[in-house]
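Chemist: Residue numbers (the numbering used here): 88 to 227.
Idealized CB from N, CA, C, for every residue including glycine.
1. Exposed or buried, which one is residue 115 when buried takes at least 16 other CB atoms within 10 Å?
2. Between residue 209 and residue 215, what straight-line distance do the alpha-carbon atoms span, to the nearest angstrom?
3. So, at 6 angstroms on beta carbons, what are the nonlocal neighbours of residue 154 in its own chain, with the 5 sequence-adjacent residues on each side left out?
4. Where DSSP assigns a beta bridge to residue 104, which residues make up the other side?
5. Could you tell me which of 108, 112, 165 and 102 sits nearest to residue 120, measuring between CA atoms?
6. If you follow the alpha helix (DSSP H) that residue 159 is part of, which residue opens it and which one closes it?
7. DSSP on residue 150, reduced to helix/strand/coil?
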């Protein structure tokens, strides 16, 4: 992605694909972002549709989530009026033994945000992302 600014590796040529003497291919496309939208959209669509297709609609026609599935549980933020975020840690064989849980602390129920407030949070997040990207130092 840095080929337009000279590349990240020695031998990189802007706008060209170079194969070194050792068989390493250096892709120097300067229009890489223009080449990716179709693949990115396809990958995102696949990731979002996969859990829904695996669980499928129930007898009542509504989506049935298998919250025992690690992937489905990891992307589920709320279900049946209950907040499920953050997901529980994934158990790994090399993970240390779990510490005993402290007594649950009673929380005040959160107020539901209006759709306008949720949209505003998304817009502010997108603007922050573009701002960071726009002002990030470029390699020369």
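Modeler: Judging by the given coordinates:
1. Residue burial is scored here from C-beta neighbours: residue 115 has at least 16 other C-beta atoms within 10 angstroms and is therefore classed as buried.
2. Each residue's Cα considered, the two are about 10 angstroms apart.
3. 160
4. 114
5. 102
6. 157 to 162
7. strand
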